[in-house]
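See structure below.
Set out below in structure tokens:
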């Protein structure tokens, strides 16, 4: 229930040569919000019956791609998707009713929508990030004191490349609050396991602090 949000940002890196037909989940909280590939196009699904977002291009080129979904519930053109740091056309999104469904990475809990590919650097924020924060932080790991707005952060830096990692019992959350439970993951061999060659170099950290302004008079103001 901590991931029930009316506004927030979901970030992840992915790589695939074919994620699979139909919906393939990247990060999903079913009936609330979801970030998918749909026939290898980046897709955001709207459970509340509003407009969905689907990218123009496909992303099954076996290269790493960064995707971020920024949503503000019910705000006209207040939500948008970033692909490789480029903002797509804004749209109106209605986050679903808060539920007890599990936040999932690489699958949607109630559907067989397993993602065929590699996922890295998953970040769940409980605020809609500004454009600059997404662009400036996407190519590195977050370092220093992690923001209180960052609910969960999965770096996938555990284990031995394609080795026997069955002794690892959960996926670490760098915020330390929500370690993830493995489901159907072999943790041994070159697939269904931790592998080398992630989207961002381990230890290559960065942080971003937006500029702040204080108004000393009453409005009107414009940005």
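Numbering (the numbering used here), first residue to last: 2 to 224.
Even for Gly, the Cβ is constructed at its ideal location relative to N, Cα and C.
Treat the numbers as computed from the prediction; the structure is a model and nothing was measured.
Have a look at 25, 167, 148, 98 and flag the residue whose alpha-carbon is nearest the alpha-carbon of residue 120. Residue nearest to residue 120 within the set 25, 167, 148, 98 is 25 (criterion: CA-CA distance).
Short of 6 angstroms in beta carbon distance, which residues of its chain neighbour residue 135, apart from the five on each side in sequence? Order them along the chain. Same-chain partners within the cutoff: 69, 83.
In its own chain, which residues sit with a C-beta less than 8 angstroms from the C-beta of residue 166, not counting the 5 before and 5 after it? Sequence-distant Cβ neighbours of residue 166 in its own chain, meaning closer than 8 angstroms and more than five residues away, are 159, 160, 188, 189, 194, 195.
If you measure between the beta carbons of residue 75 and residue 95, is that distance less than 8 angstroms? Taking the C-beta atoms as reference points, residue 95 is found nearer than 8 angstroms to residue 75.
Could you spell out where the beta strand (DSSP E) holding residue 136 opens and where it closes? Segment 132-138 is the alpha helix (DSSP H) holding residue 136; no beta strand (DSSP E) there.
Note down, in chain order, each residue of its chain lying with its Cβ closer than 6 angstroms to the Cβ of residue 224, except the 5 sequence neighbours on either side. Interpretation of residue 224 is limited by its pLDDT of 40, a score under 50 that renders its predicted location unreliable; the figure taken from the coordinates is listed afterwards. Around residue 224, the same chain offers no residue with a beta carbon nearer than 6 angstroms, after the five sequence neighbours per side are excluded.
Over what stretch of residues does the beta strand (DSSP E) that includes residue 16 continue unbroken? Where residue 16 is concerned, the enclosing beta strand (DSSP E) starts and stops at 8-16.
Continuous beta strand (DSSP E) stretch holding residue 42: start and end: Counting along the chain, the beta strand (DSSP E) containing residue 42 begins and ends at 42-46.
I need the DSSP call for residue 65, collapsed to helix, strand or coil. Residue state for residue 65 is assigned as coil, using DSSP reduced to three classes.
Does the beta-carbon of residue 10 have 16 or more other beta-carbons within 10 angstroms, so that it is buried, or is it exposed? By the Cβ neighbour-count rule, residue 10 is buried, with 16 or more other Cβ atoms within 10 Å of its own.
What would DSSP say about residue 223, mapped onto helix, strand or coil? Low per-residue confidence applies at residue 223: pLDDT is 46, beneath 50, and the placement is therefore not dependable enough to give any value.
Nearest-angstrom Cα separation, counted from residue 44 out to residue 53: Using only the alpha carbons, I get a separation of about 7 angstroms.
State the Cα-Cα distance for the pair residue 51 and residue 93, rounded to the nearest angstrom. Taking the straight line from one Cα to the other gives about 7 angstroms.
Starting from the C-beta of residue 55, find all residues in its chain whose C-beta is less than 7 angstroms away, skip the five residues before and the five after it, and write them out in chain order. Within the same chain, and ignoring the five residues on either side of residue 55 in sequence, the residues whose Cβ sits closer than 7 angstroms to its Cβ are 39, 42, 44.
Does DSSP put residue 31 in a helix, a strand or coil? Correct three-state label for residue 31: coil.
Helix, strand or coil for residue 104, going by three-state DSSP, please let me know. The three-state secondary structure of residue 104, taken from DSSP, is strand.
What are the residues that DSSP puts in a beta bridge with residue 24? Paired residue(s): 39.
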